[in-house]
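**Student:**
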Amino acid sequence: QKHLAEGLSLSNKKVLITAGPTHEAIDPVRFLGNRSSGTMGFELAKRAADLGAQVFLISGPTSLSVSHYGIELIRVTTAEEMYNAVHKYYSEVEVAISAAAVADYRPKSISEQKIKKKGEGLQIDLVRTKDILLSMGEQKKNQYLVGFALETENEEANAKNKLQRKNLDAIVLNSLQDKGAGFGGTTNKITFIDKNSKVKAFELKTKSEVAADIWSEIITRIHG
Ligand code: CTP
Ligand code: CA
Numbered sequence: 178q179k180h181l182a183e184g185l186s187l188s189n190k191k192v193l194i195t196a197g198p199t200h201e202a203i204d205p206v207r208f209l210g211n212r213s214s215g216t217m218g219f220e221l222a223k224r225a226a227d228l229g230a231q232v233f234l235i236s237g238p239t240s241l242s243v244s245h246y247g248i249e250l251i252r253v254t255t256a257e258e259m260y261n262a263v264h265k266y267y268s269e270v271e272v273a274i275s276a277a278a279v280a281d282y283r284p285k286s287i288s289e290q291k292i293k294k295k296g297e298g299l300q301i302d303l304v305r306t307k308d309i310l311l312s313m314g315e316q317k318k319n320q321y322l323v324g325f326a327l328e329t330e331n332e333e334a335n336a337k338n339k340l341q342r343k344n345l346d347a348i349v350l351n352s353l354q355d356k357g358a359g360f361g362g363t364t365n366k367i368t369f370i371d372k373n374s375k376v377k378a379f380e381l382k383t384k385s386e387v388a389a390d391i392w393s394e395i396i397t398r399i400h401g
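With the sequence shown counted from 1, adding 177 to any position gets you UniProt numbering.
(1) Just reading off the beta strand (DSSP E) that GLN231 is part of, what are its end residues?
(2) Could you compute how far the alpha carbon of ILE309 sits from the alpha carbon of ILE274?
(3) Would ARG283 and LEU303 qualify as a contact pair, given that the criterion is a beta-carbon distance under 8 Å?
(4) Under the criterion of a Cβ to heavy atom distance below 7 Å, does ILE309 qualify as lining ligand 1?
(5) Can you tell me the Cα-Cα spacing of ALA388 and ARG224, whole angstroms?
(6) What does DSSP give as the partner residue(s) for ASN351 in the beta ladder?
(7) For TYR246, count neighbouring C-beta atoms within 10 Å of its own C-beta (all shown protein chains included) and say buried if the count is 16 or more, exposed if not.
(8) What alpha helix (DSSP H) runs, 4 residues minimum, are completely inside the segment 259 to 307?
(9) Is any heavy atom in ligand 1 found nearer than 7 Å to the beta carbon of SER275?
(10) Kindly indicate which residue of ARG398, VAL279, SER385, VAL206 has the alpha-carbon position closest to the one of ILE287.
(11) Provide the residue(s) that pair with ILE194 in DSSP beta bridges, ordered along the chain.
(12) Quick check on ALA378: buried or exposed, where buried means 16 or more other Cβ atoms within 10 Å of its Cβ?
(13) For the segment 262 to 272 against the segment 290 to 298, are there 3 or more C-beta pairs whose distance is under 8 Å?
(14) Buried or exposed for ASN189, going by 16 or more other Cβ atoms inside 10 Å?
(15) Taking 7 Å as the line, does the beta carbon of ALA326 fall inside it for any heavy atom of ligand 1?
Take a look at the structure:
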């Protein structure tokens, strides 16, 4: 019975979760961003806190808020800020989940003034942002590290590839196959893949239910 209780719990565990999009400024009023709502990351944080964890939730711009004694919400804007916040906490957590939709590129420079309209076209030079999850994989000690993957082709192969390349323990493949899954919505269809290539596909569910499924998969593995 004791084993069962322990198995379902995250008490005495510290957890880091990234959520939401990042915004990369172009000028004082414009940015590059994406449609991530942050919901999946926030649901993962709430579930972890309900299971007894102390959660550091590092989120890009989102309209969501949360009040739970187990959750410390750290708000950031850019990929660079998210990187810095992550590395403030990463070394002290037992589990880290990267659910943020981090921009892969940012404008090479930020215009000090609002860019004026002129000519028929406009080019903006972009440079790569830091891959936050890759850096977590490189610096991993005993953390159980979980990433997300959003793929539109060769889904499983690409996800497994990311898992290996970023030195993850598991990856959650967000399936775009079904209507209602993925960005923006309230539902999601996921496949959980661990580093031993064990693959578990789930039905379309609410993001809150998906968060519970993801935590069961993780908890089984960290207690096993
Ligand atoms: N990620 C990150 N930092 C980045 C880019 C991605 O931490 N600069 C994380 C995401 O949070 C996610 C995982 O890496 O957990 C995979 O993100 P995804 O966009 O699917 O893959 P990329 O590695 O960025 O590759 P690509 O977009 O080319 O498929
Ligand atoms: Ca990407």
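Where is the CB? At the ideal position from N, CA and C, for every residue including glycine.
**Tutor:** If we stick to the structure as given:
(1) Residue mapping note: residue 231 aligns to position 54 of the sequence shown, counting from 1. 231 to 236 is the span of the beta strand (DSSP E), which, as asked, contains GLN231.
(2) Residue mapping note: residue 309 aligns to position 132 of the sequence shown, counting from 1. Residue mapping note: residue 274 aligns to position 97 of the sequence shown, counting from 1. Distance between the alpha carbons of ILE309 and ILE274 is about 11 Å.
(3) Counted from its first residue, the sequence shown places residue 283 at position 106. Counted from its first residue, the sequence shown places residue 303 at position 126. Closer than 8 Å, so yes.
(4) As a working note, residue 309 is residue 132 in the sequence shown. ILE309 Cβ: within cutoff of ligand 1.
(5) Within the sequence shown, residue 388 is the residue found at index 211, counting from 1. Within the sequence shown, residue 224 is the residue found at index 47, counting from 1. Straight-line Cα distance between these residues: approximately 7 Å.
(6) Your numbering for residue 351 matches position 174 in the sequence shown. LEU327, ILE367, per the DSSP bridge assignment.
(7) Translated into the one-based positions of the sequence shown, residue 246 becomes position 69. Classification for TYR246: exposed.
(8) none
(9) Position 98 of the sequence shown, counting from 1, holds the residue named residue 275. Under cutoff, so the answer is yes.
(10) Looking up residue 287 in the sequence shown gives position 110. Among ARG398, VAL279, SER385, VAL206, the Cα nearest to that of ILE287 is on VAL206.
(11) Against the sequence shown, residue 194 aligns to sequence position 17. LEU234, ILE274.
(12) Here the question's residue 378 lines up with position 201 in the sequence shown. The residue in question, ALA378, is exposed, as its Cβ has fewer than 16 Cβ neighbours within 10 Å.
(13) no
(14) Position 12 of the sequence shown, counted from the first residue, corresponds to residue 189. Classification of ASN189: exposed, given that the 10 Å Cβ count is below 16.
(15) Residue mapping note: residue 326 aligns to position 149 of the sequence shown, counting from 1. At least one heavy atom of ligand 1 is nearer than 7 Å to the Cβ of ALA326, so yes.
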